[in-house]
Amino acid sequence: MSEKDANPSAKDALVGGSLFGRWEKLRGREGTVVGITAILVAVFPYLFARAPVVSGILQGYQSLATLILIWGIFAIGFDLLLGYTGLLSFGHAAFWGGAAYAAGIVAKNVSGDPIVMVVSGTLFAVLLAWVLGFLSLRRGGIYFSILTLAFAQMFYYMAASPLAFLTNGENGLTGVEVGSFLGVIHLESDIPSVGGMLLGTWLYAFVGVFFVGAVAVAYRILNSPYGMVFRAIRENEQRAEFVGLNVWRYKLMAFIISGAFAGIAGSLFTIHGAYVPLQSLFWTESGDIVVMTVLGGAGSMFGPVLGVGLYLYIENIVSTIQALTIPFTDIVLIRDFGFYWHLLLGLVFVVVVWVVPDGLWGILNRLRELAVEFGSKAAERLRSRSKGGGR
Amino acid sequence: MTLLETENLVKEFGGLVATDDVNLTVEEDERVSIIGPNGAGKSTLINLITRRLDPTSGDIRFKGESIVGLEPHQVVQRGVSKSFQTASIFPDLTVRENAEIAALASERGAFGFEFLKHRDSLSDVHGVARDTLDSVGLLDRADTVATDLPYGDKRRLEIGIALASDPDLLLMDEPTAGMSPEETKSTVELIEQVKRDHGLTFVLVEHDMEIVFSISDRIVVLSRGGIIAEGTPDEIRGNEAVQEAYLGGVEL
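For the protein sequence lines, the chains are Y and W, in the order given. Counting from 1, one number per residue, gives the positions in the first sequence under full-length UniProt numbering. Counting from 1, one number per residue, gives the positions in the second sequence under full-length UniProt numbering.
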């Protein structure tokens, strides 16, 4: 490359560098985070389910996009507890499933208005989290996890038979009729014109608003005194107590806040499916949210959402692959490939936790750091070269 | 004014009497050191005062009110702060955040509902944290992650956290344990500077006699859980019982 060529490209690199610097400053701001989330939420179903080529490769579909956002809300709230406060709850199915049932029962007996469903489901989850947190947080570490698991299983068995007159027992809560939003918009119908091309259904838009709201609230919590106190409790609980903080009440608040997120998600799950499976209270749901959060990266804001995406993608799309072939050929590598999706998920989980303990988000972060390092080195090299050229 | 007093304080672990009928008083503006051989019950006494342990019998009063029955964080809120024997810090938080946690507790109380309030608006907390880091000489390292500090600085931060709680009484459990001679020297300077600047009342548990004799107004000697002597450094130095029982007759 001649010196003449190097000069303009050095200029470009410098402009790029300052743009990058500006971006690094903006990156942490609340407005930027929420704005970018909103944009991603808006284009996600298009890319996933409708865009040419991309969606063809991904094989995504609209209702899975909605489901990913719903579980995403759950995971963001769960990570406030697991990743930030360092409390491993193994009973969050109680809040997810409890809210789902509460929303469904309210829809059947009181009002099918989606807002009423979300509010009542979330309120139920918050009250339940308050009580279960109050009881479970008496003990620390593994005992806390076991207590949450035991309480959640109690709710599963209660829903299965003693409360079957309310929950419809083993069959799950059927016949939930979700009313129209504000009395005019049917959530399952498509949005007209460009909005429809991007978002798809009104239901997705409805869930999307809650998702962006959840991100905004969670981000604010992390930047509030609570965010700092939660991490302090995770790092050194005893010290937090001995600087004069009421650790117990902060832990209870972390538990209730994460219960509220699970409640919003659970209520939306009922609206999404117009049905509540008994499974939603089972302990495996509690396990799923732990796996999703850790897979994505516990202790990061967006990591758990990535974990949710990968988990649900493998569960719903990879599992439908009949035979794994070498691309563009008919050579079959593994027959009934989809049948082994649990195994695949387990392998992915083990590899991620082994190689990058901070999960998928950790991988992205490392790539970003590499890019920054590479970028600054390249800019420096070009700068020194352009200085030489000026002489 | 009497800041802290323990009355017939007893702590038994099974059959072992770790604290034996201790009557200790600490006046305001006084620097008291507690010394004694290993197993004399120094740490137990500190842990009783900070409410980490429940006494078997007896009473502990701070500013005239009994603190037996309070939670540890409530004792801190009353004005008793403790620096730990090991660097008990928040390793993955920055040095500034470490100080801010303590400042938050002292400025805004043990608990609040401000989970939707941005931290940037807590200017009082930031102010206290900055002043504290300045006084322990860590302000220029405020953005360092605490775990990356050298050991001596971690111990400084440990003392900083205790100071940021804005205590009326500071309990220091072997602040120089495990330190190199240089680190020990700078920690002693730090303690003396804190004593000058903040006019703080403190109780020091320490093995290093040089430190004890240089910074204490009064020394309390514990042996087998009970107080065997107390007095000014000169009195303790000349006390034969102490030399015999505890120092083994070594000339000081």
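From the three backbone atoms N, C-alpha and C, an ideal C-beta is built for every residue, glycine too.
Nearest to A40 of chain W by alpha-carbon distance, out of W:D234, W:P233, W:L222 and W:I236, is W:L222.
Beta-bridge pairing by DSSP links L9 of chain W to W:V22. According to the DSSP assignment, E230 of chain W belongs to the beta strand (DSSP E) that extends over G226 to G231. Judged by DSSP secondary structure, R335 of chain Y falls outside any alpha helix (DSSP H) and instead within the beta strand (DSSP E) spanning V332 to R335. In the three-state reduction of the DSSP assignment, M1 of chain W falls in the coil class, being assigned neither a helical nor a strand state. Interface criterion met: the Cβ of E235 of chain Y is under 8 Å from a Cβ in chain W.
Using a CB distance below 7 Å, the part of the stretch 90-103 of chain W facing chain Y consists of F90, P91, D92, L93, E97, E100, I101 and A102, ordered along the chain. The beta carbon of L281 of chain Y sits closer than 6 Å to the beta carbons of A93, G97, F155, Y156 and A159 from its chain, once the five residues preceding and following it are set aside; these are given in chain order. Residues of the stretch 75-103 of chain Y that bring their beta carbon within less than 9 Å of a beta carbon in chain W are absent altogether.
Look at the stretch 29-67 of chain Y and you find these whole runs of alpha helix (DSSP H), each 4 residues long or longer: 30-45 and 54-58.
Proximity of the stretch 107-118 of chain W to the stretch 86-94 of chain W falls short of the contact definition, fewer than three beta-carbon pairs being nearer than 8 Å.
By the criterion of at least three beta-carbon pairs nearer than 8 Å, the stretch 187-195 of chain W is in contact with the stretch 146-163 of chain W. V217, R220, I221, N223, S224, P225, Y226, G227, M228, V229 and R231: these are the residues of the stretch 204-231 of chain Y whose beta carbon lies less than 8 Å from some beta carbon of chain W, given in chain order. Ranked by Cα distance from A164 of chain Y, the first of Y:F181, Y:Y101, Y:V212 and Y:T148 is Y:Y101.
Rounded to whole angstroms, G69 of chain W and L173 of chain Y show a C-alpha spacing of 49 Å.
For F261 of chain Y, not one C-beta of chain W is nearer than 8 Å to its own C-beta. At a beta-carbon threshold of 9 Å, the residues of chain W lying near M253 of chain Y are F111, F113 and F115, ordered along the chain. Scanning the stretch 135-187 of chain Y from its first residue to its last, no whole beta strand (DSSP E) run of 3-plus residues comes out. Residue nearest to V126 of chain Y within the set Y:L382, Y:A265 and Y:S376 is Y:A265 (criterion: CA-CA distance).
Measuring C-alpha to C-alpha distances from F95 of chain Y to each of Y:L312, Y:I289 and Y:V41 identifies Y:I289 as the nearest. If you draw a straight line from the Cα of T293 of chain Y to the Cα of S300 of chain Y, it is about 9 Å long.
Within chain W, the residues whose beta carbon sits less than 9 Å from that of A240 of chain Y are H73, F90, I101 and A105, listed in sequence order. Beta-bridge annotation (DSSP): D59 of chain W is paired with W:E7.
Within chain Y, the residues placing a beta-carbon under 9 Å from that of T50 of chain W are F242, ordered along the chain. Across the structure, V352 of chain Y and S136 of chain Y are spaced so that their CA atoms are roughly 30 Å apart.
Secondary structure of T187 of chain W (DSSP, three-state): helix.
Shown here for G231 of chain W: not one same chain residue has a beta carbon closer than 6 Å to its own, the five before and five after excluded. Taking 8 Å as the cut-off, the beta carbon of A214 of chain Y is found no closer than this to the beta carbon of I191 of chain Y.
Comparing alpha carbon positions, the residue from Y:V217, Y:L268 and Y:A240 closest to L187 of chain Y is Y:L268. Within the stretch 42-55 of chain Y, contact with chain W at the beta-carbon level (separation under 9 Å) is assigned to no residue.
G121 of chain Y has its alpha-carbon roughly 20 Å from the corresponding atom of L80 of chain Y.
Taking the Cα positions, M117 of chain Y is about 9 Å away from V178 of chain Y.
Straight through space, the alpha carbons of K154 of chain W and R141 of chain W are spaced by roughly 11 Å. When 8 Å is used as the limit between beta carbons, L245 of chain Y is near these residues of chain W: H73, I101, L104, A105, A110 and F111, in chain order. Among the residues of the stretch 333-344 of chain Y, none has a Cβ less than 9 Å away from any Cβ of chain W.
Burial of A218 of chain Y is indicated by the presence of at least 16 other C-beta atoms within 10 angstroms of its C-beta.
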